[in-house]
Every structure is written in C-alpha cells, then in structure tokens.
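Below is one structure, written out as structure tokens; comments come after it.
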Amino acid sequence: MSNTTDGQADIENVEIIVDVDNVSKSDTQTEADDEQPCPDGGWGWVACMGAFFIQFLMLGVQNAAGIIYTALVDEFQTPRGITAWVGSLATGMMFFLGPLTTSLCERYGCRIVGITGTMLCITGCFLSSFANSVPVLFFTYGIIWGAGTSMCYFPTIIVLSKYFKTRLSLVNGIVTSGSGLGTLSMGPLIQLLISSLGVSNAFRALAGLLTLLILCAATFRPVPPTYKAKTDDSQLKKKKKFFDWEIFKNKGYVLWCVCLSIFMLGYFVPFVHLVRHAEDLGVSPTKGSLLIGYLSTASTFGRLLFGKISDFQCLNKFHIYQFGFVVMATCSFFVTLVKDYTGFVVYSVVFGLFEGCYVVLIPVITRDIVGSQKMSYALGSMFTFMSFPMMVGPPIAGWIYDVTQDYTVAFYVCGVTALLPAFLMFLVPCLTPPRKGSPGSSRPATPKNPRDNSSSLAVVQTSSILVCSYHGPGLLNDRGTSFETPSYDIIKAWGLAEISSSPQAVQLPTLP
Numbered sequence: 004m005s006n007t008t009d010g011q012a013d014i015e016n017v018e019i020i021v022d023v024d025n026v027s028k029s030d031t032q033t034e035a036d037d038e039q040p041c042p043d044g045g046w047g048w049v050a051c052m053g054a055f056f057i058q059f060l061m062l063g064v065q066n067a068a069g070i071i072y073t074a075l076v077d078e079f080q081t082p083r084g085i086t087a088w089v090g091s092l093a094t095g096m097m098f099f100l101g102p103l104t105t106s107l108c109e110r111y112g113c114r115i116v117g118i119t120g121t122m123l124c125i126t127g128c129f130l131s132s133f134a135n136s137v138p139v140l141f142f143t144y145g146i147i148w149g150a151g152t153s154m155c156y157f158p159t160i161i162v163l164s165k166y167f168k169t170r171l172s173l174v175n176g177i178v179t180s181g182s183g184l185g186t187l188s189m190g191p192l193i194q195l196l197i198s199s200l201g202v203s204n205a206f207r208a209l210a211g212l213l214t215l216l217i218l219c220a221a222t223f224r225p226v227p228p229t230y231k232a233k234t235d236d237s238q239l240k241k242k243k244k245f246f247d248w249e250i251f252k253n254k255g256y257v258l259w260c261v262c263l264s265i266f267m268l269g270y271f272v273p274f275v276h277l278v279r280h281a282e283d284l285g286v287s288p289t290k291g292s293l294l295i296g297y298l299s300t301a302s303t304f305g306r307l308l309f310g311k312i313s314d315f316q317c318l319n320k321f322h323i324y325q326f327g328f329v330v331m332a333t334c335s336f337f338v339t340l341v342k343d344y345t346g347f348v349v350y351s352v353v354f355g356l357f358e359g360c361y362v363v364l365i366p367v368i369t370r371d372i373v374g375s376q377k378m379s380y381a382l383g384s385m386f387t388f389m390s391f392p393m394m395v396g397p398p399i400a401g402w403i404y405d406v407t408q409d410y411t412v413a414f415y416v417c418g419v420t421a422l423l424p425a426f427l428m429f430l431v432p433c434l435t436p437p438r439k440g441s442p443g444s445s446r447p448a449t450p451k452n453p454r455d456n457s458s459s460l461a462v463v464q465t466s467s468i469l470v471c472s473y474h475g476p477g478l479l480n481d482r483g484t485s486f487e488t489p490s491y492d493i494i495k496a497w498g499l500a501e502i503s504s505s506p507q508a509v510q511l512p513t514l515p
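Under this note's numbering, the first residue of the sequence shown carries the number 4, and numbering increases by one thereafter.
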C-alpha cells in the first residue's frame, strides 16, 4: 500500500488479511453461552414430568428412612445408634457427591448420568435384599444406593435450567413437589411391603418399582445448542472443564453457601425430633406421626405456590427467601411454647409451607448468582458444603436433649440458625459481580468516530483466512502517512458479526 504525503487522505478500499488460526475463541464468542436462550417449553415439559417422577419415587423412598430404620432394628436386633447410620450414610452420600455428579452432567449430559444413577439405585436395593448384617447395608444401601440417589437427584435440577429461564421457578416448584407427594405415598407403601413381604422381599419389590426411573431419566435429552460457530477450525474449540473453580472467586456465591450451610444445622431437626417432642407433651404416637404428613403436604403446596409467585419480575427472590427464613425461625421459637396438638399442627403447616419456599428457590437463586453455565458446578459444591451440617444437626439436637431432658434449647438453636442467614443474605447481592446480560453489566457506550460514522466492513471467510474489506475514511493517521488502525478492532468486529460465505456489512466499532 502506497503512502500519501499531502495532508489528510482517505482510503476508499483497503483489504486486510487476518489469520483466523491466531484468533482465540474468547475474541469471537465473548461469553455468548453465559446467557444463551432457553426453549422455555416444548420438550422441556416432558423432561419436567420425568424429573417429577424421579423425585416422587427416589426421594419418596429416601425420605421413608425412618420406616426402613425401624424395620432394620427389628430385623437385625442391632443398637439403634449403629443402625441409624444406614440412612444417614445414604443421605450424606447423596449430597456429598454433588460436585462429581454435576461435573458428569456437564460433560456427559443429564440423560446418561440420570440413567446411570437409576441403575445404581436398583442395584443398591437389590443387593440390600441379600444383606445379612447392618455393616453389609452400609455398603449396599449407604454407599451404592446413596451414590445412585445423587446421580438421580442433581440431573432433575440441572436439566430444568437447560430448558427453562423465565418459568424456571414454576417448573422447579412442580418437580420438587414430587418429593413431598412421594413422601406421603411411598411411606405407607413401604410399610405395607415390609409388613406383608418382609424386609428382604420389600427391597426386591422396590428394586423392581425403581426400574420405571430409567424411562423418566431418558426424557433428559440434550438441548440443541443455540450458538454455533461458523468455522470448524479445531483451534477455536474450547474443551470443557471437568470442574470450574472460578465459581469460588464469586464472593456472593461463597456467602450464599455459608448461609445455606448455617441453616442446614437446624433444617432436619423437626423432621427427626418433632414427633418425639409432641409425644413428650402428651400427644399420642398415632397423632404425632401425622405431623410429618401435615408438614410434607404444606411443603408440597409451598413449592408450587412460591415457584409460581417468584416468577413475577416485580418480586425480589432474595427478599422472598429472607422472609421465608424469618418465618421458619419464628416457628422454631413458637413451637417451644406449644402445649397441645392443635399448636403442633399449626407449626407443621406454617413451617412446611415456607420449607417449600426454601427448597424450590435454591437452584433459582443459585443461577441468578453464578449464571446458567456455571450452575451445575455451583450446585454440586454447595450441596457438598450443606451435607456436613445436615448430618450433624439432628445428633446435636439429640445430645442437647440428653443433657437438658427438654427440646426447648434445641428448637431455639434451630431458630437462630434460620434467623442468622436471613440477615447475612443482605450482603449476597452486594458481593455478587455483575454478569453479562444482567442489570448493571452492560458495556459502556462506544464513543462515536468524529470523522465518520458510516464506515462499514465487508467480511468474507475462506478456509482459515478472514478477508476484511474496509470502505470509508479515517484509516490514516493525522499525517496521512501510515495505516495504524488496530487489527484487534477489525477482529472484534468479526467476532460480533455472523460470518457467512458471502460479504456482509457490519458497523465498525470505534476506530482511533
């Protein structure tokens, strides 16, 4: 290209050759996948129903651990403290394996992981039917079944975030209500199987029933990608990470995990100790056992209710969540004053209603904090942190009762563990960095070129070479002697445009 020496000159046609091999994917796809569009329907409703039935059957069996625990104590005549570890180990494995399960979902898809999980659940139940001692059940039920439930549970949450965005809270409410309905339905069924067939045959019957989960997991087909690069250049393809450690740089997410972990210290205490507390105050065992049923029913309704209302754009999900924490804390303080059965029923209904709010909004708020592309990793890590306080909370409450011979202090502790996260959550939005596509994260306006606003760039791709033809003034310096427009701006213009096999005009970003 010849130099011009007489003042300012204009270039009408300049061809620039850019080697695409040297362009990184980050230049051409600046986090385009972070907020990629979701179908918000279609096959997503089929996947939603599949996830519902998985939670109905799998969590229905998991939440019937008390019935299985009682049957195992009678069957093997072992100390209750040792036998209780069968169910506790299964629950702990379910959440502890969260990071592994979610990483597998991102790499291999929710369908493959979900089907593998159902096979492990079936295997765990079937092998448990041959167990002749409690230590054997530690492996067959605690480890194998527990790992299977983890690989079933997390895909039911992750697949919803792939198919839904604006209706995510609603479908989460529908799916998570399956666990509440499953608890109401599977508990009596398991009790009937044990009474009629015995423990061993009951495990075999459950294994047969769980085969239906394979069909449910098969509905988790991958969502067609909405962003497709026009080039097949292998160097532009970015290999997926097995785990994204970047989520821990998000201080809002770290505090979010701390809040939920604190709450989990007291979360399961009512499920374990409420019936015994009511019996200590003169409530009959038959009526006392119905309290968990009332709680589960209210929880199911709460998941549907808060799943729906939290989709309204005028409502702040964080404030709804904080309000739920405050109400549950108030309930925990209130139950220490209750002396009759009516009061326990009121407590169960109100606590269960807002427990449903707590469950249904966990994945929704997590997605708001970290984004849809990192949600799988974030959920897995978060549930791992939550698994430890969840396992030690009920034993701590039992230890407090052994010392004081009363549940008052234990329920006060539950109230504090619900109230503290409600206040800490005020800091979560402040510590969460803005993401592209979220409010406050838009790029600053590009200043206009004072010399010309009508410049355009024609883009043609041939093999691995990108040919850019510029038409318009302003590419020379003030002396008009050299071509100094940064090639980076040209590349970014290409990255923001869709490349085709024919020239295409796009607006140039600001040229110096």
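In this text, a Cβ means the ideal position worked out from N, Cα and C, and glycines have one as well. All figures in this text were calculated on a predicted structure; none of them were measured in a lab.
Kindly indicate which residue of the options has the alpha-carbon position closest to the one of residue i.
| i | options | result |
| --- | --- | --- |
| Val64 | Gly401, Asn135, Leu196 and Thr105 | Leu196 |
| Leu163 | Leu200, Ala87, Leu284 and Ala50 | Ala50 |
| His276 | Ala400, Thr339 and Gly285 | Ala400 |
| Thr411 | Lys168, Thr289, His280 and Met154 | His280 |
| Pro432 | Tyr350, Val202 and His322 | His322 |
| Phe386 | Ile85, Thr105, Ser132 and Ser335 | Thr105 |
| Met394 | Thr81, Tyr270, Thr126 and Asn319 | Tyr270 |
| Gly112 | Met389, Pro82, Pro225 and Pro397 | Pro225 |
| Phe429 | Phe326, Val406 and Phe414 | Phe326 |
| Cys260 | Tyr297, Arg207, Pro288 and Pro392 | Pro392 |
| Ser287 | Ser136, Trp46 and Asp343 | Asp343 |
| Ser203 | Val272, Trp48 and Thr143 | Thr143 |
| Thr126 | Gly149, Phe223, Asn135 and Arg114 | Gly149 |
| Ser153 | Ser384, Val137, Ile403 and Cys417 | Ser384 |
| Leu298 | Leu382, Leu184 and Trp402 | Leu184 |
| Leu423 | Ile115, Leu382, Phe99 and Leu258 | Leu258 |
| Gln80 | Trp48, Pro138 and Thr345 | Pro138 |
| Cys417 | Val349, Gly359, Thr339 and Phe347 | Thr339 |
| Pro158 | Ser199, Tyr380 and Asp409 | Tyr380 |
| Ala205 | Cys262, Phe251, Phe133 and Gly305 | Phe133 |
| Leu284 | Leu100, Phe414, Gly101 and Asp409 | Asp409 |
| Gln316 | Thr169, Tyr72 and Ser131 | Thr169 |
| Lys320 | Arg370, Ser198, Leu140 and Asp405 | Arg370 |
| Trp48 | Ile147, Tyr166, Ala68 and Gly145 | Tyr166 |
To which residues of the same chain is residue i closer than 6 Å at the C-beta, ignoring the five residues directly before and after it?
| i | result |
| --- | --- |
| Thr435 | Gly255 and Ile372 |
| Ala301 | Val352, Gly355 and Leu356 |
| Ser307 | Checking the sequence shown, residue 307 turns out to be Leu, not Ser. The residues are Gly176 and Ser180. |
| Leu173 | Gly310, Lys311 and Asp314 |
| Phe129 | Ala210 |
| Gly151 | Gly120, Leu123, Cys124 and Gly127 |
| Pro273 | none |
| Glu109 | Ser379 |
| Phe414 | Ser335, Val338 and Thr339 |
| Gly359 | Ser302, Gly305 and Arg306 |
Which same chain residues end up closer than 7 Å to residue i when comparing Cβ atoms and leaving out the 5 residues on each side of it in sequence?
| i | result |
| --- | --- |
| Val278 | Gly291, Ser292, Leu294 and Ile295 |
| Ala421 | Phe266, Gly269, Phe328, Met331, Ala332 and Ser335 |
| Phe223 | Ala50, Gly53, Cys113, Arg114, Gly117, Pro158 and Val162 |
If I follow the unbroken alpha helix (DSSP H) through residue i, where does it start and stop?
| i | result |
| --- | --- |
| Ser299 | Pro288 to Ile312 |
| Val261 | Lys254 to Tyr270 |
| Phe206 | Val202 to Leu212 |
| Val49 | Trp46 to Ile57 |
| Gly396 | Met378 to Thr407 |
| Gly374 | Here Gly374 belongs to no alpha helix (DSSP H), and DSSP marks it neither H nor E. |
| Phe336 | Lys320 to Val338 |
| Ile217 | Leu215 to Ala220 |
| Gly418 | Thr411 to Leu427 |
| Thr105 | Gly101 to Tyr111 |
| Val431 | Val431 to Leu434 |
Using a Cβ-Cβ cut-off of 8 Å (strictly less than) and excluding sequence neighbours within five positions of residue i, which residues of its own chain qualify?
| i | result |
| --- | --- |
| Cys155 | Ile57, Met61, Gly117, Gly120, Thr121, Cys124, Leu216 and Ala220 |
| Glu249 | Lys377 |
| Leu263 | Ile365, Met385, Phe388, Met389 and Pro424 |
| Val348 | Leu294 and Tyr297 |
(message) Measuring CB atoms only, is the region 211-229 touching the region 48-61, in the sense that at least three cross pairs come out at less than 8 Å?
(response) yes
(message) At 4 residues or longer, what runs of the alpha helix (DSSP H) sit wholly inside the region 115-185?
(response) 137-140 and 149-166
(request) Would you check if the region 372-388 and the region 307-326 touch, i.e. whether three or more CB-CB distances between them fall below 8 Å? (result) no
(request) Kindly confirm or deny that the region 362-370 and the region 67-82 touch, where touching means at least three C-beta pairs closer than 8 Å. (result) no
(request) Would you check if there are 3 or more beta carbon pairs closer than 8 Å linking the region 83-93 to the region 180-190? (result) no
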